[in-house]
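Asks: So the sequence shown is residues 20 to 614, counted in this note's numbering. For every residue, glycine included, the Cβ atom is placed at its ideal position computed from N, Cα and C. Computed from a prediction, not measured in an experiment: that's the story for all the values here.
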Amino acid sequence: VTNTQNFTIEDWELNMVFAQQSHIDAFALNMAYGDSTNEPSLADAFEAASVVGFQLFFSFDYAGNGAWPKSTVIDLLTKYGSNSHYYHYKGKPFVSTFEGPQSASDWIDIKAQTGCYFVPDWSSLGAKAALEASPGVPDGLFSWAGWPWGPNDMDTYVDASYMQYLDGKPYMMPVSPWFYTNLPGYKKNWLWNGDRLWFDRWQEVMYLQPEWVEIISWNDYGESHYIGPLYDNAYAAFDIGEATYNYVAGYLHDDWRSFLPYLIDLYKTGTATITKEGVQVWFRRAPAAACTNGGTSGNTVSQFQIEFPPTEILKDRVFYSALLGSPADVSVSIGGVVQQGTWSDAPDGGIGIYRGSVPFNGNTGQVVVTISRNGAVIASMEGESIDTSICLGGIQNWNPWVGTDFAETTISATPELTISEQVCVNGTGPNKFARLCGFSCSYGYCPVGACVCTAMGEQRPLPKATGIRGYPLAGEDASYSGLCDFNCNYGDCDPEACGTTEVELTVPTVSDFSPPACVSGTGEGNLAGLCSFSCGYGFCPINACTCTGEGALVLPPPTQNVSGYAGTGLDASVYGPLCEFTCSHGYCPDGACAT
20 VTNTQNFTIE DWELNMVFAQ QSHIDAFALN MAYGDSTNEP SLADAFEAAS VVGFQLFFSF
80 DYAGNGAWPK STVIDLLTKY GSNSHYYHYK GKPFVSTFEG PQSASDWIDI KAQTGCYFVP
140 DWSSLGAKAA LEASPGVPDG LFSWAGWPWG PNDMDTYVDA SYMQYLDGKP YMMPVSPWFY
200 TNLPGYKKNW LWNGDRLWFD RWQEVMYLQP EWVEIISWND YGESHYIGPL YDNAYAAFDI
260 GEATYNYVAG YLHDDWRSFL PYLIDLYKTG TATITKEGVQ VWFRRAPAAA CTNGGTSGNT
320 VSQFQIEFPP TEILKDRVFY SALLGSPADV SVSIGGVVQQ GTWSDAPDGG IGIYRGSVPF
380 NGNTGQVVVT ISRNGAVIAS MEGESIDTSI CLGGIQNWNP WVGTDFAETT ISATPELTIS
440 EQVCVNGTGP NKFARLCGFS CSYGYCPVGA CVCTAMGEQR PLPKATGIRG YPLAGEDASY
500 SGLCDFNCNY GDCDPEACGT TEVELTVPTV SDFSPPACVS GTGEGNLAGL CSFSCGYGFC
560 PINACTCTGE GALVLPPPTQ NVSGYAGTGL DASVYGPLCE FTCSHGYCPD GACAT
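Take a look at the structure:
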């Protein structure tokens, strides 16, 4: 809501119309406590909603300006909760949060006084602890874990943990197209892998079928995951966040909405009809090597993740999806140099969304992506240019430009099978699960706790059953049980994971599906001691340290009431975060750090 400070009622109306055209049902109004924008914006938003016929609900942000007082939450819900344009679920005003588990007990009284339906995001705790923070208070949970780890594609293991612990209570699943932020004032400068994310996540939605999907976000420009329109008077985040440059202006993302009517109908009703074929394209406007990386990391130590150079996360490629009623060809021109594209993903039965990409291959100039069938052009997206001289201040902009084009002619194409009639036909998993899931998911057995379904379609004929009972090998855990049983019975008994003798299973102390953390590291000069200490506890910033060992995250010593800073004359961007971490956990070497 902060970014709507300069919105007129007409601006609100236009954004709601855009959302409706995308088949979005409601806006989550994310508000920081005490923000002067809240009161006038809420009045305008509800007035606009009454004109457009749109729904709104509150998402109380407990991280921005601290905790919301219980009485203020009650007052706002009392004022707006009965409004006919406030979103209700099961007859109750629907409410969410961004964080705030420390205030979990407040919601006992808030729910009692307002009758709200409460689905918070307490992702900092994880699903199990979020439900235990104030037992019985959450009616469901929302997860903020909408981005993949490192160079990996997006998986569904966090979603699966939420659905497991919710045990029938409803789940709100996050879907996001991108993540890049460079706001030093907020101590934020990282990216996550978005190259294939928008396509992958909607495939995962179809398989998991959560009660709700929340798209992150409509207009959060500072984190580059906006799918709404740009406004020149809505860029305050770049001033407040002390950004080196505005990495959003001119980088339109509206066209990430272009296939949403089809996708949302498919999710909500199980079927959807394509009336116009089209192509959607996204790419970064400069090759990675053309600019400095701006100090940006892939992943972030602020969440105890192993950091990577951004070039190991995002690739110099033109990515495209096509909404098609039958197979078609794709070609990509960069500055007049044409490459024949291919499809890395195609819908089962031929009707739906196709996906692929081609490398920059050192070419620069305007990007044109053309979809054709039997030599006749269906749609041609004429986009912005790839340019080695576009770097602002010499810094790479890791935010993509998005464009689309639709055919002028109309068609009518509906997938033969509804979502409920489809099964998983392709899947994967980490390590030993890659082969196990690759086999079982292709035949419709793709347990969400162990595998990631990457495509759905018609059930394939099963191989001839062997009758062989498969079991996890000694030292493995129950996550392998169902897969070994299925795969061995159908003739693919992977000797690396499965055997035919039942043995006692282990109980893992760390999930098979959690990415590794840094457990040891080093640095040069007087960074050596700092890095040795901090990397041992998963805090190993790539601009200062080198991670030398990976494993399960080791929790740091208890925090102490000590604020650490870079030592006199030392680079605050290098030493500052390290000293802040190490000093607060009892290690604060003189010279390198100050307090």
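Could you check the C-alpha separation between Y105 and T23 for me, to the nearest Å?
Replies: So the two alpha carbons sit approximately 18 Å from each other.
Asks: I need the straight-line Cα distance from E261 to I397, nearest angstrom please.
Replies: Cα to Cα, the separation comes out at about 45 Å.
Asks: Helix, strand or coil for A497, going by three-state DSSP, please let me know.
Replies: Helix, per DSSP.
Asks: From P527 to C465, what distance separates their C-alpha atoms?
Replies: Going from the Cα of P527 to the Cα of C465 covers about 21 Å.
Asks: Helix, strand or coil: how does DSSP classify V522 here?
Replies: DSSP places V522 in coil when its eight states are reduced to three.
Asks: List, from N- to C-terminal side, the alpha helix (DSSP H) runs of 4 residues or more that fit wholly inside the region 109-141.
Replies: As far as the region 109-141 is concerned, its whole alpha helix (DSSP H) runs of at least 4 residues are 125-133.
Asks: With respect to the alpha helix (DSSP H) encompassing W221, which residues constitute its N-terminal and C-terminal limits?
Replies: It spans 216-227 - the alpha helix (DSSP H) in which W221 sits, taken as one unbroken run.
Asks: When DSSP builds the beta bridges, which residues end up paired with L160?
Replies: For L160, which the question treats as bridged, DSSP gives the partners Y190.
Asks: Which residues mark the beginning and the end of the alpha helix (DSSP H) in which Y181 is found?
Replies: 176-185 is the span of the alpha helix (DSSP H), which, as asked, contains Y181.
Asks: CA-CA distance, V20 and F79?
Replies: For V20 and F79, the distance between alpha carbons rounds to 11 Å.
Asks: Suppose contacts are defined by Cβ-Cβ distances below 8 Å. Is G568 in contact with V538 by that definition?
Replies: Yes, these two residues count as a Cβ contact at 8 Å.
Asks: Taking its Cβ as the centre, do 16 or more other Cβ atoms sit within 10 Å of P329, making it buried, or is it exposed?
Replies: Buried, by the Cβ-count rule.
Asks: For D174, count neighbouring C-beta atoms within 10 Å of its own C-beta (all shown protein chains included) and say buried if the count is 16 or more, exposed if not.
Replies: Per the 10 Å Cβ criterion, buried.
Asks: To which residues of the same chain is S162 closer than 8 Å at the C-beta, ignoring the five residues directly before and after it?
Replies: D140, S142, A146, V177, D178, Y181, Y190, M191, M192, P193, listed in sequence order.
Asks: Taking the CB atoms as reference points, tell me whether P535 and G570 lie closer together than 8 Å.
Replies: Yes, the pair counts as a contact, with Cβ atoms nearer than the cut-off.
Asks: To which residues of the same chain is Y108 closer than 7 Å at the C-beta, ignoring the five residues directly before and after it?
Replies: For Y108, where only same-chain residues beyond five positions count, the Cβ hits under 7 Å are Y136.
Asks: If you follow the beta strand (DSSP E) that N201 is in, where does it begin and where does it stop?
Replies: Note, N201: beta strand (DSSP E), 199-202.
Asks: Keeping to the same chain, check which residues put their C-beta closer than 7 Å to that of A493; ignore five residues upstream and five downstream.
Replies: Correct list, in chain order: V522.
Asks: Identify every residue that forms a DSSP beta bridge with E207.
Replies: The displayed chain sequence assigns Lys, not Glu, to residue 207. In DSSP, K207 forms a bridge with L202.
Asks: Of the residues V581, P203, A611, W417, which one's Cα is nearest the Cα of A268?
Replies: When each option's Cα is compared against that of A268, the closest is W417.
Asks: Which two residues bound the contiguous alpha helix (DSSP H) that contains G457?
Replies: 452-460 is the span of the alpha helix (DSSP H), which, as asked, contains G457.
Asks: Of the choices W301, V444, D239, whose alpha-carbon is the least far from that of D367?
Replies: Of the listed residues, the one whose Cα sits closest to D367 is V444.
Asks: Beta-carbon separation of G247 and F65 under 8 Å?
Replies: Going by C-beta atoms, G247 is not nearer than 8 Å to F65.
Asks: Within its chain, find whatever has a CB closer than 7 Å to the CB of T429; leave out the 5 residues flanking it on each side and keep chain order.
Replies: Correct list, in chain order: T294, K295.
Asks: Using the Cα positions of P560 and P203, report the straight-line distance between them to the nearest angstrom.
Replies: Computed Cα separation, rounded: 15 Å.
Asks: N508 by DSSP, collapsed to three states: which one?
Replies: Helix at N508.
Asks: Would you kindly check if the distance between the Cβ of A432 and the Cβ of G518 is under 8 Å?
Replies: No, they are not a contact pair.
Asks: Is the separation between the beta-carbon of S618 and that of G468 shorter than 8 Å?
Replies: Examination of residue 618 is not possible in this model, given that the chain is present from 20 through 614 alone.
Asks: On the DSSP bridge list, what partners appear for F302?
Replies: Note: F302 sits in a beta bridge opposite W420.
Asks: Roughly how many angstroms separate the alpha carbons of D239 and S195, rounded to a whole number?
Replies: Straight-line Cα distance between these residues: approximately 11 Å.
Asks: Only counting the same chain, and skipping five residues up and downstream in sequence, which positions put a Cβ closer than 6 Å to that of I390?
Replies: Around I390: V298, A341, A347, V349, I397, A398.
Asks: Suppose contacts are defined by Cβ-Cβ distances below 8 Å. Is L216 in contact with W197 by that definition?
Replies: Yes.
Asks: Give a yes or no on whether the C-beta atoms belonging to I438 and M225 are separated by under 8 Å.
Replies: Their beta carbons are under 8 Å apart, which means I438 touches M225 by this criterion.
Asks: According to the Cβ coordinates, are G82 and Q74 closer than 8 Å?
Replies: It should be pointed out that residue 82 corresponds to Ala in this sequence rather than to Gly. Their beta carbons are not under 8 Å apart, which means A82 does not touch Q74 by this criterion.
Asks: Report the start-end ranges of each alpha helix (DSSP H) in the region 514-571 that is 4 residues or longer and not cut off at the edges.
Replies: Those alpha helix (DSSP H) runs which fall completely within the region 514-571 and span 4+ residues are 546-554.
Asks: I390 by DSSP, collapsed to three states: which one?
Replies: Strand, per DSSP.
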